[in-house]
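Participant: The numbers in the working numbering rise by one with no breaks, and the one at position 36 of the sequence shown is 36.
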Amino acid sequence: MNDEKFMRLAIKEAKSSEGKHKTAYGVVIVKNNEVISSACNIAKKTNDPTAHAEIIAIRKACEKLNSRDLSSCVVYSTCEPCPMCFSALFWAKISKIVYGISISDLINLNRRQINVSCDFLNKNSNSKIEIVGGFLKEECFELFK
Numbered sequence: 001m002n003d004e005k006f007m008r009l010a011i012k013e014a015k016s017s018e019g020k021h022k023t024a025y026g027v028v029i030v031k032n033n034e035v036i037s038s039a040c041n042i043a044k045k046t047n048d049p050t051a052h053a054e055i056i057a058i059r060k061a062c063e064k065l066n067s068r069d070l071s072s073c074v075v076y077s078t079c080e081p082c083p084m085c086f087s088a089l090f091w092a093k094i095s096k097i098v099y100g101i102s103i104s105d106l107i108n109l110n111r112r113q114i115n116v117s118c119d120f121l122n123k124n125s126n127s128k129i130e131i132v133g134g135f136l137k138e139e140c141f142e143l144f145k
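1. Do Lys146 and Ile55 have their C-beta atoms within less than 8 Å of each other?
2. Give the list of continuous alpha helix (DSSP H) stretches no shorter than 4 residues that lie fully inside the region 56–134.
3. For Pro81, count the other beta carbons within 10 Å of its own beta carbon; 16 or more makes it buried, fewer makes it exposed. Which is it?
4. For my contact list, Ile42 and Leu143 are in at a C-beta cut-off of 8 Å; report their separation, rounded to the angstrom.
5. For the alpha helix (DSSP H) that contains Lys5, what are its first and last residues?
6. As a quick exercise: from Trp91, Asn108 and Ser102, pick the residue whose alpha carbon is nearest that of Tyr25.
7. Return the chain-ordered list of same chain residues with a C-beta closer than 7 Å to the C-beta of Leu121, the five sequence neighbours on each side being excluded.
8. With three or more beta-carbon pairs closer than 8 Å as the criterion, would you say the region 65–82 touches the region 26–37?
9. Taking only three categories from DSSP, how would you classify Ala53?
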């Protein structure tokens with residue numbers, strides 16, 4: 001699997017948002033080297049605080065695959081999933097998460113976040129999700145400037 005290729009698609013997804021609803025959060029879900037779904041955060045646009053990129057991408061992937069089991073899928077995200085999104089990824093049985101910047105990085109940028117990492121949630125659940133953080137971190141950081 002080409003992690004760099006798919007992370008660049010997540011970055012492109014974040015950049016696709018426009019105007020006052022511009023976001024730095026983009027996600028791509030991949031199965032067998034094929035993009036199953038992609039999304040950017042639309043929480044501001046829809047006035048829905050749950051409309052994070054991961055949640056939207058999970059919904060699209062489950063619909064496309066006609067299954068709520070995404071155990072053979074990998075998520076590429078410009079940012080570490082928040083606790084809500086990690087929980088949804090856990091319930092969808094995602095096998096791997098690759099993200100750019102961390103929740104700690106966002107807090108350092110004065111972004112409102114719950115300071116609980118995916119690693120912490122992964123270790124404190126019966127999850128076996130593989131987590132790779134800091135991937136193309138500098139490029140993802142640029143989205144937040």
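Virtual Cβ for every residue (Gly too), placed ideally from N, Cα, C.
Facilitator: On the basis of the data shown:
1. No information on residue 146 is available, as it lies outside the stretch 1 to 145 that the chain covers here.
2. 83–91, 103–108 and 118–123
3. In the sequence shown, counting from the first residue as 1, residue 81 sits at position 81. Label assigned to Pro81: buried.
4. Start at 1 with the first residue of the sequence shown, and residue 42 comes out as number 42. Start at 1 with the first residue of the sequence shown, and residue 143 comes out as number 143. Their Cβ separation, rounded to whole angstroms, is 16 Å, which puts Ile42 and Leu143 out of contact at 8 Å.
5. Counting from one through the sequence shown, the residue named residue 5 turns up at place 5. From DSSP, the alpha helix (DSSP H) with Lys5 extends over Asp3 to Lys15.
6. Here the question's residue 25 lines up with position 25 in the sequence shown. Here the closest residue by C-alpha is Ser102.
7. Sequence index remark: in the sequence shown, residue 121 carries index 121 (1-based). Here the set comprises Pro83 and Phe86.
8. yes
9. One-based indexing of the sequence shown puts residue 53 at position 53. Three-state DSSP puts Ala53 in a helix.
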